[in-house]
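Every letter in the sequence shown is one number past the one before it in the numbering used here, and letter 19, counting from 1, is 11.
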Amino acid sequence: LVLGLFLVYGLVLLRDALDTRFRGGDDLVRTTSLPVIGEFPRLTSGVQHLPREATSYLRTNVLFATATDHPKVLLVTSAGPNEGKSSVALGLAESLARNDYRTLLIDADLRKPLLHKRLNLNPSPELEERTLPAHLVNIKTRRQPVMVNVGDVTFDFIPTFSAVADPAELLSRSFATLIRSLSEDYDA
């Protein structure tokens, strides 16, 4: 009986020692020695917008963490699908615009774009000319972003309406050039 208890306890300790998953912000800080600049509550089914307070907290921490550099370009990404990238990007753009930053949001998800749906934009011939793929295919032609209203704020948006063939090729060819040319017109 005692040997069985020690064996079970040993297996539990071994399983915990071999578990490399991050279970929260504390695990991340302990492993990387980097600060956590924002954590968001898990959204209930059907809710797509993050709470305003959470995105304001993220915006404030990003601005404090980069006070000496003030980055114009912020990338929101994750390793897997359905982890909230679109919600975080939209919430952060809205929060920056709410604080009088000239803000441009780019939907660079060329495989499964969602932001246009969250902003209630439907594809039209006029809007198709202002999408990210249109910008990237002909980088020399200057196109105006779409102006969107979210609640009580307005910011610019470059949508992507549908998946494209060879997204990595398209992005690697001219995305950096596009970002450099647009960054002169925006704070974020």
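Even for Gly, the Cβ is constructed at its ideal location relative to N, Cα and C.
CB of residue i within 8 angstroms of CB of residue j, strictly
{"i": "residue 84", "j": "residue 68", "result": "yes"}
{"i": "residue 70", "j": "residue 107", "result": "no"}
{"i": "residue 54", "j": "residue 175", "result": "no"}
Opening and closing residue of the alpha helix (DSSP H) in which residue i lies
{"i": "residue 171", "result": "159 to 175"}
{"i": "residue 8", "result": "-6 to 10"}
Exposure label - residue i; buried when at least 16 CB within 10 Å
{"i": "residue 86", "result": "buried"}
{"i": "residue 92", "result": "exposed"}
{"i": "residue 0", "result": "exposed"}
Through-space distance from residue j to residue i, alpha-carbon basis
{"i": "residue 42", "j": "residue 4", "result": "36 angstroms"}
{"i": "residue 17", "j": "residue 164", "result": "32 angstroms"}
{"i": "residue 173", "j": "residue 39", "result": "35 angstroms"}
{"i": "residue 105", "j": "residue -4", "result": "53 angstroms"}
{"i": "residue 196", "j": "residue 10", "result": "Not covered by the structure: residue 196. The range shown for the chain is -7 to 180."}
{"i": "residue 113", "j": "residue 123", "result": "12 angstroms"}
{"i": "residue 99", "j": "residue 150", "result": "6 angstroms"}
{"i": "residue 181", "j": "residue 12", "result": "The chain is shown from -7 up to 180; residue 181 falls before or after that span and cannot be answered."}
Residue i: first and last residue of the uninterrupted beta strand (DSSP E) it sits in
{"i": "residue 179", "result": "From DSSP, residue 179 is part of no beta strand (DSSP E); its letter is neither H nor E."}
{"i": "residue 146", "result": "145 to 150"}
**OP:** Scan the stretch 99 to 131 and note each continuous beta strand (DSSP E) run of 3 residues or more that stays entirely inside, going in chain order.
**Re:** none
Original post:
Unbroken alpha helix (DSSP H) runs of length 4 or more, entirely within the stretch 19 to 87: which are they?
Top reply: 44 to 57
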